[in-house]
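Notes for the one structure printed next.
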Amino acid sequence: MALIVKKFGGSSVKDYERVMNVARIITDTYKQGNDVIVVVSAQGDTTDDLIAKAAEITSKPQKREMDVLQSAGETISASLLAMACQEMGYPAVSLLGWQAGFQTSSAYGAARIKGIQTERLRRELDRKNIIIVAGFQGLCKYDDVTTFGRGGSDTTAVALAAALHADRCKIYTDVEGVYTCDPRKVPGAVKLDEITYDEMLELATLGAQVLNNRSVEMAKKYNVEMEVLSSYSNKPGTIVKEKIAMEKMLVRGVTKDADCARLSIVGVPNVPGMAFKIFSKLAARNINVDIILQSVGRDDLKDITFTVARAHADEAVAILHALDLTANAKIIKDTSVAKVSAVGAGMESHPGTASKMFEALYEAGINIQMIATSEIKISVLIEQDKADLAVAAVHKAFFPEG
Ligand code: ASP
Ligand code: MG
150 MALIVKKFGG
160 SSVKDYERVM
170 NVARIITDTY
180 KQGNDVIVVV
190 SAQGDTTDDL
200 IAKAAEITSK
210 PQKREMDVLQ
220 SAGETISASL
230 LAMACQEMGY
240 PAVSLLGWQA
250 GFQTSSAYGA
260 ARIKGIQTER
270 LRRELDRKNI
280 IIVAGFQGLC
290 KYDDVTTFGR
300 GGSDTTAVAL
310 AAALHADRCK
320 IYTDVEGVYT
330 CDPRKVPGAV
340 KLDEITYDEM
350 LELATLGAQV
360 LNNRSVEMAK
370 KYNVEMEVLS
380 SYSNKPGTIV
390 KEKIAMEKML
400 VRGVTKDADC
410 ARLSIVGVPN
420 VPGMAFKIFS
430 KLAARNINVD
440 IILQSVGRDD
450 LKDITFTVAR
460 AHADEAVAIL
470 HALDLTANAK
480 IIKDTSVAKV
490 SAVGAGMESH
500 PGTASKMFEA
510 LYEAGINIQM
520 IATSEIKISV
530 LIEQDKADLA
540 VAAVHKAFFP
550 EG
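150 is the number of the first residue of the sequence shown in our numbering; add one for each residue after it.
Take a look at the structure:
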């Protein structure tokens with residue numbers, strides 16, 4: 150007998166048929182004598198619909214009310230799924246975030262899990278109930294309902310698996326696992342059997358939709374092995390864990406992130422402290438900077454170029470204009486860019502990965518504007534219109550048989 154945590158995303162519970170399908174998957178596991186805790190997301194596009202309803206009323210909703218509103222999506226799917234299990238003749242109980250013991254910070258809309266009081270969960274398991282937990286929600290110190298941010302149900306599942314020392318944590322979705330590329334866009338995309346937390350974290354952060362990056366961070370921290378698999382098929386998925394068997398595959402994924410903007414400050418004084426002055430001001434306003442490039446100074450001037458999330462571009466430009474040290478500099482904003490990245494733990498020990506990526510881009514006639522590398526990632530900034538072409542070309546270079 151094992152304790153198994155299963156999480157089902159919105160598409161897996163979107164309507165009556167899908168809810169009954171999920172109820173079958175979980176009651177099968179229960180029937181085999183396992184303890185089962187299930188985490189559900191809101192059905193289909195419910196969260197988007199709820200946000201749209203709020204927008205009809207106000208453009209400045211209180212964050213607290215947005216959390217009350219959005220938590221309702223998961224409340225609905227949890228209760229429906231519990232009813233479906235009961236209808237099939239199994240004991241089940243739905244628990245909202247606070248009932249499942251989730252204590253969080255009071256950052257509405259982006260709450261952090263501070264702890265899980267597991268008594269109620271243990272009690273329900275002792276009663277042999279299948280527990281259905283409403284994902285992405287908890288309670289803060291003011292006794293207010295909080296939510297964890299978009300895609301936060303994955304984090305609920307990993308947190309439960311960690312707190313209860315579950316034997317397995319299965320994340321069910323509408324694809325069969327983690328792929329080397331988006332299988333809907335790149336026909337040669339290959340499903341991975343295994344991937345490391347670090348690789349998954351890079352892929353999740355770089356825009357692969359399959360897992361929320363905070364859930365991967367938490368899984369790494371508490372060493373929770375996850376499996377990403379499909380709720381539509383019976384096939385094994387992708388295991389996410391600390392270390393995997395050495396493989397020949399250098400690159401494990403190629404992603405595109407179009408949510409970026411490139412900002413340049415052309416002609417800042419070539420004196421110490423400029424980078425500090427610029428980036429500390431951005432940091433103070435919580436603007437995350439990604440790739441940074443500084444030119445070699447000439448004629449006492451230098452250029453600094455960097456990328457930010459597109460939503461922060463205008464605010465960042467305003468901050469740059471307000472700095473006196475950049476008074477004579479020219480500030481340029483370009484939002485027609487995208488970042489394409491290749492990720493793989495194997496590249497650390499294999500020279501030549503970057504040149505292979507650059508060759509593929511050259512052959513596809515794509516100009517590289519900026520380059521950034523880490524031990525397990527190479528990112529290039531390119532023209533946005535060419536991003537899909539770039540992804541396909543780079544993917545083909547590393548997965549020729551794909
Ligand atoms: N329902 C929330 C969302 O759509 C949380 C989740 O699905 O994980 O973002
Ligand atoms: Mg999701």
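Don't be surprised by glycine CBs; every beta carbon is placed ideally from N, CA and C.
Keep in mind it's a predicted model, so treat the numbers as computed, not measured.
When C-beta atoms of the segment 161-178 are compared with those of the segment 188-196, three or more pairs fall below 8 Å, so the two segments count as touching.
In this structure the segment 290-309 touches the segment 358-378; the number of beta carbon pairs closer than 8 Å is three or more. Relative to the ligand ASP, S190 has its C-beta within less than 7 Å of a heavy atom.
According to DSSP, residue pairing for K479 in a beta bridge involves V415. Boundaries for Q533: no beta strand (DSSP E) harbours it, and the DSSP string shows neither H nor E there. Here the segment 323-339 makes contact with the segment 531-551; the two share three or more CB pairs at distances below 8 Å.
For Y346, the enclosing alpha helix (DSSP H) starts and ends at 346-354. Residue pairing by DSSP places D452 opposite V415 in a beta bridge. In this structure, the alpha-carbon of T387 lies about 6 Å from that of L341.
Assignment of F297 by DSSP, reduced to helix, strand and coil, places it in the coil class. When the beta-carbon positions are compared, D293 and I320 stay at least 8 Å from each other. Remark: C-beta atoms of L270 and G250 approach each other more closely than 8 Å. The segment 493-502 and the segment 427-445 do not touch, with fewer than three beta-carbon pairs separated by less than 8 Å. Residue pairing for F157: DSSP places it in a beta bridge opposite V189, Y321.
Distance from the CA atom of D452 to the CA atom of N419, rounded to whole angstroms, is 9 Å.
Between the alpha carbons of Y291 and I480 lies a gap of roughly 44 Å. Taking 8 Å as the cut-off, the beta carbon of M375 is found closer than this to the beta carbon of V307. Between the segment 224-242 and the segment 204-212, the count of C-beta pairs closer than 8 Å stays below three; the two stretches do not touch. The three-state reading of DSSP puts S208 in coil, since its state is none of H, G, I, E or B. Membership of K180 in the alpha helix (DSSP H) is indicated by the continuous run 165-180. For S498, the number of other beta carbons within 10 angstroms of its own is below 16, and it is reported as exposed. Following the DSSP letters along the chain, one finds M367 inside the alpha helix (DSSP H) bounded by residues 362-371. Here the C-alpha atom of I436 lies approximately 26 Å from the C-alpha atom of Q219.
Counted as a single uninterrupted DSSP element, the alpha helix (DSSP H) harbouring V307 occupies residues 302-312. Judged by DSSP in its simplified three-state form, M519 adopts strand. Following the DSSP letters along the chain, one finds F251 in no alpha helix (DSSP H) but inside the beta strand (DSSP E) bounded by residues 251-253. At a threshold of 7 Å, T295 does not count as near the ligand ASP, since its beta carbon sits no closer than that to any of the ligand's heavy atoms. Relative to the non-hydrogen atoms of the ligand ASP, the Cβ of T322 never comes closer than 7 Å to any of them.
The continuous stretches of alpha helix (DSSP H) do not include E550, and DSSP gives it neither H nor E. Not one heavy atom of the ligand ASP sits closer than 7 Å to the Cβ of E366. Around V466, the same chain offers L412, I480, K482 as residues with beta carbons nearer than 7 Å, after the five sequence neighbours per side are excluded. In summary, K155 is buried, with 16 or more beta-carbon neighbours lying within 10 Å of its beta-carbon over all protein chains present. Taking C-beta atoms as the reference points, T176 and I153 fail to come closer than 8 Å.
Excluding its 5 nearest sequence neighbours in each direction, A407 has C-beta neighbours in its own chain below 7 Å: A487, Q533, A536, listed in chain order. Per DSSP, the unbroken alpha helix (DSSP H) holding T502 starts and ends at 502-512.
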